[in-house]
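So the structure is just underneath, and the comments pick up after that.
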DNA sequence: TCGCTCATGTAATGGGTTACATGATTCA
DNA sequence: TGAATCATGTAACCCATTACATGAGCGA
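Here you go:
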């Protein structure tokens, strides 16, 4: 639920929709992402519900900033959600796995192309979580030193990103080796 | 895209909506799941598009079965999708990570409760992929021995499930230890 | 008798993406 | 000169979930 991510950031400090996107990009995008359009509509709904209020900060040369502030009711809702235990497993949707599962007819070479491309992407992503994300977090702390205790928790979600990518890379390597060894060669015309 | 999962199974043999749910539950639910209602509406759309046809098989005492068969056009669409490379990373959405990220205010004990509950769920799931899923696959092969080559690929997606759960369990253990050691104790009233 | 399996579907709602619409400033 | 950043929003559409509606047969 995007709304709780937005309320979470607004519990740190007041922010605009555009700024919220920036915070998400460098921190939660690992396990929750959203487009700007959805962020704007969700903020609007939150304001109607009374969970946030907004103030216009006039600007010249570009649209006025709309700064959102969390209300007492919004904080209460956030904490209540936080304390509600999750009773089921997160569900995954991964198109690559669908392509692998049904990939026999597509042929060995097509499959290897897919898998190698993904291997490259996941290696980059792993590097990103290992390096860039860590730096980004440091920069935020320089601007907002009061959030240092939160950063312990932020970092554990970053670790999740690293571990997830490492697992994915391992699986891809194993699967590539299996496909090379086991699947029948393509021998038919295009 | 659910439609390609359905077309994938129908490329093996004709099936009803209800049966498709069963196949998904024991195989693709690891990386793609769907409710019956969505399966039925998607099959209807696929028939309108001409990717499948359906035949009614009369029954007594319960609704007639509607058996779907893939068409040449449907097969062509499936193969074309299969051969299209994926150029981006799968996106994850995981509410637990949101709760961890913003979990400071919820308190140490609430967080440990969450994490321990998830640890239990993921351990069960890992066992499931390691044992039950493997057996289910064997049973399918007994009924459909012609699918034995496909089963190599099925099994690699099952391996993904096992590896994913192992990674998740490792992260949860690490995170629980970190929370116990690092987070300040709750000392406020409820 | 209670719950599970078999078997179909529709309607309402929610969550999310894509496309549309606008436009100044800044840096390479 | 062209791309990125800053900055807002709406409308149309698509995908997916939940709720509704029905009901026989079978095994514990």
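Chains as they are written, first to last, in this note's numbering: chain A, 160 to 349; chain B, 160 to 349. Note that CB positions come from ideal geometry on N, CA and C, so glycine has one too.
Whole-angstrom C-beta distance between residue j and residue i, which should lie under 8 Å
{"i": "residue 321 of chain A", "j": "residue 257 of chain B", "result": "Incorrect: roughly 18 Å between the Cβ atoms, too far for contact."}
{"i": "residue 245 of chain A", "j": "residue 273 of chain B", "result": "7 Å"}
{"i": "residue 282 of chain A", "j": "residue 328 of chain A", "result": "6 Å"}
{"i": "residue 312 of chain B", "j": "residue 263 of chain A", "result": "6 Å"}
{"i": "residue 351 of chain A", "j": "residue 242 of chain B", "result": "Any property of residue 351 of chain A remains undetermined from this structure, which presents chain A solely from 160 to 349."}
{"i": "residue 280 of chain A", "j": "residue 248 of chain B", "result": "6 Å"}
{"i": "residue 187 of chain A", "j": "residue 319 of chain B", "result": "The Cβ separation is near 24 Å, so there is no contact."}
Cβ neighbours of residue i in the same chain (closer than 8 Å, five flanking residues each side left out)
{"i": "residue 213 of chain B", "result": "202, 206, 225, 226, 227, 228"}
{"i": "residue 306 of chain A", "result": "171, 299, 300"}
{"i": "residue 343 of chain B", "result": "267"}
{"i": "residue 223 of chain B", "result": "215, 216, 217"}
{"i": "residue 209 of chain B", "result": "230, 232, 233"}
Residue i - DSSP class collapsed to helix/strand/coil
{"i": "residue 213 of chain B", "result": "strand"}
{"i": "residue 261 of chain A", "result": "coil"}
{"i": "residue 243 of chain A", "result": "coil"}
{"i": "residue 331 of chain B", "result": "helix"}
{"i": "residue 277 of chain B", "result": "helix"}
{"i": "residue 251 of chain A", "result": "coil"}
{"i": "residue 345 of chain A", "result": "coil"}
{"i": "residue 266 of chain B", "result": "coil"}
{"i": "residue 326 of chain B", "result": "helix"}
{"i": "residue 160 of chain B", "result": "coil"}
Cβ neighbour criterion (16 or more within 10 Å) applied to residue i
{"i": "residue 349 of chain B", "result": "Residue confidence is low: residue 349 of chain B scores 48 on pLDDT, short of 50, so the model does not pin down where it sits. Its coordinate-derived value is still stated next. Burial call: exposed."}
{"i": "residue 195 of chain B", "result": "exposed"}
{"i": "residue 290 of chain B", "result": "exposed"}
{"i": "residue 177 of chain A", "result": "exposed"}
{"i": "residue 294 of chain A", "result": "exposed"}
{"i": "residue 239 of chain B", "result": "exposed"}
{"i": "residue 236 of chain B", "result": "buried"}
{"i": "residue 189 of chain B", "result": "buried"}
{"i": "residue 179 of chain A", "result": "buried"}
{"i": "residue 232 of chain A", "result": "exposed"}
{"i": "residue 336 of chain B", "result": "exposed"}
{"i": "residue 183 of chain B", "result": "buried"}
{"i": "residue 160 of chain B", "result": "exposed"}
{"i": "residue 265 of chain A", "result": "buried"}
{"i": "residue 285 of chain A", "result": "buried"}
{"i": "residue 302 of chain B", "result": "exposed"}
{"i": "residue 341 of chain A", "result": "exposed"}
{"i": "residue 253 of chain B", "result": "buried"}
{"i": "residue 216 of chain A", "result": "exposed"}
{"i": "residue 308 of chain B", "result": "exposed"}
Residues near residue i by beta carbon distance below 6 Å, same chain, minus five either side
{"i": "residue 292 of chain B", "result": "317"}
{"i": "residue 278 of chain B", "result": "331"}
{"i": "residue 339 of chain B", "result": "none"}
{"i": "residue 323 of chain B", "result": "none"}
{"i": "residue 191 of chain B", "result": "164"}
{"i": "residue 432 of chain A", "result": "Residue 432 of chain A falls outside the range modelled here, since chain A spans only 160 to 349, and no answer is possible."}
Sequence-distant residues of the same chain with beta carbon closer than 7 Å to residue i, five excluded per side
{"i": "residue 162 of chain A", "result": "201, 205"}
{"i": "residue 199 of chain A", "result": "176"}
{"i": "residue 366 of chain B", "result": "Since the first residue of chain B shown is 160 and the last is 349, residue 366 of chain B is not available in this structure."}
{"i": "residue 168 of chain A", "result": "174, 179, 182"}
{"i": "residue 310 of chain B", "result": "296, 300"}
{"i": "residue 221 of chain B", "result": "none"}
{"i": "residue 325 of chain A", "result": "285"}
Item to complete: Go through the stretch 170-234 of chain B residue by residue and report every complete run of the alpha helix (DSSP H) that reaches 4 residues or more, in order.
Response: Within the stretch 170-234 of chain B, the complete alpha helix (DSSP H) segments at least 4 residues long are 176-185, 195-208, listed from N- to C-terminus.
Discussion item. List, from N- to C-terminal side, the alpha helix (DSSP H) runs of 4 residues or more that fit wholly inside the stretch 279-321 of chain A.
Written reply: 292-302
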